[in-house]
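Using UniProt numbering, the first residue of the sequence shown is number 1, and each one after it goes up by one. All C-beta atoms in this analysis are idealised placements derived from N, C-alpha and C, irrespective of residue type, glycine included. This structure is a prediction, so every number in the text was calculated from the model and none was measured.
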Amino acid sequence: MPECWGHRGASARFPENTLASFEAAIRDGAEGIESDVHVSVDDVVIMFHDPSVDRVTDGTGLIRERLWYGEDGMQALRTVKEPKQSLTTFEETIQLLMKPENRHVKFNVDVKVQNKPAHLFSLMHNIISAQPDWETTLAPRILLGLWHPSFLPHAKKHLPYCRRSYIGQSIATARKYFWDSCDVFSIRFSTLAMADGAKFRKDCKAAGKKIMAWTVNDPEHMVEAVRWGVDVIITDVTKTWLDLRSALQVDYDKIAAQHSRLFYWTTLEFYTPVQMLARRRDHVYLEGYAGPFRKIDTVEPLPMVS
């Protein structure tokens, strides 16, 4: 059965990317948590999805233009969603994972393309390497999720001890730019459902590479991911997947038969034109921050972003 990794924690029940959300996912029994990183003006690595704080908090502004500390710092912000929470730093998350009761939990760090990778990875290394016995108790549990190939050489240089994954919804990109440098592929669920996704799943299994499917919240999709043999389900509803997984382990045939595959034909995201448009949109967005996609073997400076 696929492992359960909490997408931004148990984010269906708690404000996303907060300690409360991470702790809830771990309490549910998730084997891992997933979160995103951005860096403040004063070099604090923050667990946050968006480049700005507007959607999730009672504040405004881009993270890269705001301070963490100080009277107007982001440490004073609170989430809009109840129960209101303060924002969480990478260091606080690492400290959570280093508690004795949490040392089995894995950590998928989604590296957003707005970051300057050399700077971000250096800050992350300083925090990781400050932990006791970090090389054996922490580093093997951290998975770096990368969207753009220009981040690969920086990850290899500054965080060589971390496993790497490709994150995205393009099988062609995964094969062309990330296959040789990653042993994990974190792919959008609907992408894995297509013909090229099915072949990619088969090729990954043959090569000993792992597949993570995101973001899987519908029980019908969860059961389908089990049929595919994916290694990890990333979900907002950790308890839903864990309860369903337990039921499948007791009587797989009976529970699986209760979940239809009609979504293949009734949901727009499973149609090729819709997926092509989504891939094109993502590609343009990523190139706008980190430049054209190309194979890069050495560390190069990224283009300046206004």
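Cβ-Cβ distance between residue i and residue j below 8 Å
i	j	result
Ser165	Leu138	no
Gln275	Ser190	yes
Trp5	Gly32	yes
Pro2	Val184	no
Ile63	Ser40	yes
Ile46	Met74	yes
Thr136	Gln85	no
Ala193	Phe293	no
Met124	Leu159	yes
residue 324	Phe48	Only positions 1 to 306 of the chain appear in this structure, which leaves residue 324 out of reach.
Val109	Trp147	no
Ala12	Asp236	yes
Tyr69	Asp36	no
Phe151	Val216	no
Gly197	Ile171	yes
Ala118	His154	yes
Glu101	Val56	no
Asp231	Lys210	yes
Arg175	Trp214	no
Opposing strand residues paired with residue i [DSSP bridges]
i	result
Leu19	In DSSP, Leu19 forms no bridge with anything.
Ile168	Position check: residue 168 holds Gly in this sequence, whereas Ile was assumed. According to DSSP, which records beta bridges pairwise, Gly168 is partnered with Ile187.
residue 335	Limits of the chain in this structure are 1 at one end and 306 at the other, which puts residue 335 out of reach.
Lys210	Val184
Arg163	Leu143
Thr79	Thr57
Whole-number beta carbon distance between residue j and residue i, since they are thought to touch under 8 Å
i	j	result
His7	Ile234	5 Å
Thr79	Val44	Not a contact, Cβ separation roughly 17 Å.
Phe178	Pro149	7 Å
Arg141	Lys99	Contact doesn't hold; Cβ gap of about 13 Å is too wide.
Leu262	Ile255	Actually they are not in contact, since the Cβ atoms of Leu262 and Ile255 sit about 17 Å apart, beyond 8 Å.
Candidates the options, of which the one nearest residue i by Cα
i	options	result
Thr173	Arg163, Ser186, Cys162 and Tyr161	Ser186
His221	Thr266, Phe200, Trp147 and Lys210	Thr266
Gln258	Asp54, Pro219 and Thr240	Pro219
Arg201	Gly229, Arg280 and Glu224	Gly229
Gly168	Gly9, Glu101 and Leu286	Leu286
Tyr264	Glu224, Arg281 and Asp231	Glu224
Lys81	Ile171, Val53, His104 and Ser170	Val53
Val92	Ile128, Lys157, Thr238 and His104	Note on identity: in this sequence residue 92 is Glu, with Val being the wrong assignment. Here the closest residue by C-alpha is Ile128.
Glu65	Arg55, Val56, Pro51 and Lys156	Pro51
Phe14	His283, Pro273 and Lys239	Lys239
Asp58	Asp72, Glu71, Asn115 and Leu77	Leu77
Ile296	Lys157, Cys162 and Leu268	Lys157
residue 373	Pro83, Asp253 and Pro132	Within the shown structure, residues of the chain are numbered from 1 to 306, placing residue 373 beyond reach of any answer.
Gly291	Thr60, Glu34 and Lys116	Lys116
Completely contained beta strand (DSSP E) runs for the stretch 81–159, where each covers 3 or more residues:
Unbroken beta strand (DSSP E) stretches of 3 residues or longer found wholly inside the stretch 81–159: 106–111 and 142–146, given in chain order.
Mind listing, in chain order, the continuous alpha helix (DSSP H) runs of no fewer than 4 residues lying wholly within the stretch 230–304?
The qualifying runs are 238–250, 252–257, 263–266 and 272–290.
Residue ranges of each alpha helix (DSSP H) within the stretch 23–68, 4 or longer
Listed in chain order, nothing qualifies, since the stretch 23–68 has no complete alpha helix (DSSP H) run of 4 or more residues.
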